[in-house]
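Taking it in order: structure first as structure tokens, then the write-up.
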Amino acid sequence: MTKLTFGALVALAMTAAASTAISSNAMAQDAAAGKTSFNKCLACHAIGEGAKNKVGPELNGLNGRKSGTAPDYSYSDANKNSGITWDEATFKEYIKDPKAKIPGTKMAFAGIKNETEINNLWTFISQYDKDGKIKQ
4 MTKLTFGALV ALAMTAAAST AISSNAMAQD AAAGKTSFNK CLACHAIGEG
54 AKNKVGPELN GLNGRKSGTA PDYSYSDANK NSGITWDEAT FKEYIKDPKA
104 KIPGTKMAFA GIKNETEINN LWTFISQYDK DGKIKQ
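In case it helps, the working numbering puts the sequence shown at residues 4 to 139.
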């Protein structure tokens, strides 16, 4: 009985470890795909250490940030007064059609419609803290 119990515990531990590795790998793939999607954003936005505002604000620490508050960026009144605090659901709705979510925004981007691409993009953007470091 003891050998059977030990064998079952080993098998369970190996399954859990494999599951964690798969989850971590899937997350890495999502972030990598999101980084590729972010190329559409690079003309106007920066992210990561040393990111600066461009035509659009830098996006470090976007998750939890109030709209219209990136330092030293000149936002539209629509963005400043939107009342939005960025989170996953809000970002995903916004990126599909920015002008519909915030009428009067200066963001001239048609949006991304593909759900997988949106999910990957959020995974990439949300991994950065306000200092442009990847959260651990």
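Built from N, CA and C at the ideal position, the CB exists for glycine as well.
Residue interval of the alpha helix (DSSP H) (run including Asn63)
Taking the first residue of the sequence shown as position 1, residue 63 is located at position 60. Here Asn63 belongs to no alpha helix (DSSP H), and DSSP marks it neither H nor E.
Do Gly114 and Ile137 have their C-beta atoms within less than 8 angstroms of each other?
Counting from 1 along the sequence shown, the entry for residue 114 is found at position 111. Counting from 1 along the sequence shown, the entry for residue 137 is found at position 134. No, Cβ-Cβ distance for Gly114 and Ile137 is not below 8 angstroms.
Thr88, DSSP secondary structure in three states
Walking along the sequence shown from the start, residue 88 turns up at place 85. Thr88: strand per DSSP, three-state reduction.
For Tyr78, collect the residues of the same chain with a Cβ closer than 6 angstroms to its Cβ; drop the 5 residues on either side in sequence, then sort them by chain order.
Here residue 78 refers to the residue found at position 75 when the sequence shown is read from its first residue. So the qualifying residues of the chain are Gly71.
Proximity winner among Pro74, Asp75, Lys104, relative to Ile87 (alpha-carbon distances)
Along the sequence shown, read from residue 1 onward, the residue named residue 87 stands at position 84. When each option's Cα is compared against that of Ile87, the closest is Lys104.
According to DSSP, what are the bridge partners of Tyr131?
Translated into positions along the sequence shown, residue 131 becomes position 128. Note: Tyr131 sits in a beta bridge opposite Ile137.
Run of the alpha helix (DSSP H) containing Asp75, from where it starts to where it stops
By 1-based counting over the sequence shown, the position of residue 75 is 72. It is not in any alpha helix (DSSP H) - Asp75 carries neither H nor E in the DSSP assignment.
With distance defined between alpha-carbon atoms, name the residue in Asn42, Ala34, Lys133, Ser40 nearest to Trp89.
Here the question's residue 89 lines up with position 86 in the sequence shown. If we check each option's Cα against that of Trp89, Lys133 comes out closest.
Start and end of the alpha helix (DSSP H) containing Pro106?
Along the sequence shown, read from residue 1 onward, the residue named residue 106 stands at position 103. Taken as a continuous stretch (DSSP letters only), Pro106 belongs to no alpha helix (DSSP H), as it is neither H nor E.
State the DSSP-derived secondary structure class of Lys99, mapped to helix, strand or coil.
One-based indexing of the sequence shown puts residue 99 at position 96. The answer is helix: DSSP assigns Lys99 an H, G or I state.
Measure the C-alpha to C-alpha separation of Ala35 and Gly59 and round it to an integer number of angstroms.
For the purposes of this step, residue 35 is identified with residue 32 of the sequence shown, where counting begins at 1. For the purposes of this step, residue 59 is identified with residue 56 of the sequence shown, where counting begins at 1. Going from the Cα of Ala35 to the Cα of Gly59 covers about 22 angstroms.
Helix, strand or coil: how does DSSP classify Lys69 here?
Residue mapping note: residue 69 aligns to position 66 of the sequence shown, counting from 1. Looking at Lys69 - three-state DSSP - the assignment turns out to be strand.
With a threshold of 16 other CB atoms inside 10 Å of the CB of Ala73, please say whether the residue is buried or exposed.
Position 70 of the sequence shown, counted from the first residue, corresponds to residue 73. It is buried - the Cβ of Ala73 has at least 16 other Cβ atoms within 10 Å.
Which same chain residues end up closer than 8 angstroms to Leu65 when comparing Cβ atoms and leaving out the 5 residues on each side of it in sequence?
In the sequence shown, the residue the question calls residue 65 occupies position 62. Excluding positions up to five away in sequence, the list reads Trp89, Phe94, Ile128, Ser129, Tyr131.
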